Amino acid sequence: MLSGIVSLAVAKEVASAQLSAQKTADEYFRSNANYTISYDISTRGAVEGDIEEFRQIVAEIYADERGWLRAGVKMEEVESGAQAHVILASGEEVKKASPTICSDELSCQVGQLILINDKRWMNASDSYNELGVSLKDYRRMVVNHETGHYLGHPHIPACETPNGLGPIMLQQSTGLRGCTPNPWPLPNELWVKR
Ligand SMILES: [Zn+2]
9 MLSGIVSLAV AKEVASAQLS AQKTADEYFR SNANYTISYD ISTRGAVEGD
59 IEEFRQIVAE IYADERGWLR AGVKMEEVES GAQAHVILAS GEEVKKASPT
109 ICSDELSCQV GQLILINDKR WMNASDSYNE LGVSLKDYRR MVVNHETGHY
159 LGHPHIPACE TPNGLGPIML QQSTGLRGCT PNPWPLPNEL WVKR
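Just so it is clear: in the sequence shown, position 116 is 124 by the working numbering, and no numbers are missing.
Here it is as structure tokens:
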């Protein structure tokens, strides 16, 4: 009986936590708006990656139903007048975009710029490579993570349960922190506030 009451209390607490998470999400949630963000593709600095391959992979990631599309975000490539600039950049150029925020080792988002660090694009990260995760999944993760910042998401420091799927806004490139690598936004990350 007592354990029944306790589990009921726990269930209530979980329900209220879920409700407050949902409320936060609802404040920004625009899945019904189905709005479009235009972007263009370019490179900055000396990069090893191929721009046409980059263009194609980014388009595939944005068109994937496991990605930000689930939050109602339709990313559309345009030739001019883009809202967002998705850039394959040398480490030097990433850092130059905002020396106080960005490092030459990682990818970064600054204003309209979604900067994918060429070093990471070509080599993934130690955190992913140590676990034998594919470069394809690393690329999905890093594009979705930086795009998540563009959509208004801050970092998330941990996964909900030990070994649980890492939130897309966890800094998976610098360490999994006990989470399972995951290249897609989790259900409770499907909101935008742009
Ligand atoms: Zn980040």
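No residue lacks a Cβ here, since even glycine has one placed at the ideal position from N, Cα and C.
As the structure is a computational prediction, the values presented were derived from the model and not from experiment.
To the nearest whole angstrom, what separates the beta carbons of I95 and L123, a pair I think is in contact under 8 Å? 5 Å
Just to confirm the assignment, what range does the beta strand (DSSP E) spanning A97 have? 92-97
Relative to the C-alpha of T188, which candidate in M149, E60, A105 has its C-alpha closest? M149
The region 88-102 / the region 45-62 touching (three or more Cβ pairs under 8 Å): yes
Decide if the region 118-133 is in contact with the region 141-148; the criterion is three or more beta carbon pairs, one per stretch, under 8 Å apart. yes
Proximal residues to Q179 (C-beta, below 7 Å), its chain only, five neighbours per side dropped: H163
Can the beta-carbon of W192 be found closer than 8 Å to that of N152? yes
Where does L143 sit, in a helix, a strand or coil, going by DSSP? helix
Within 8 Å, strictly: CB atoms of E138 and H161: no
On the criterion of 16 or more Cβ atoms from any shown chain inside 10 Å, does N171 qualify as buried, or is it exposed? exposed
By Cβ distance, which residues of its chain are closer than 7 Å to L184, with the 5 residues on each side in sequence left out? S135, G174
Report the CB separation of L194 from I176 in whole angstroms; it is logged as a contact under 8 Å. 7 Å
Quick check: K127 and G99, are their CB atoms within less than 8 Å of each other? yes
Using only the alpha-carbon positions, how far apart do A97 and G53 sit? 6 Å
Relative to the C-alpha of S50, which residue among R78, G75, V102 is closest? V102
Within the continuous alpha helix (DSSP H) that includes V200, where are the two ends? No alpha helix (DSSP H) contains V200, which DSSP labels as neither H nor E.
From the DSSP output, in three-state form, read off R128 for me. helix
Rounded straight-line distance, which links the Cα of K201 to that of I65: 25 Å
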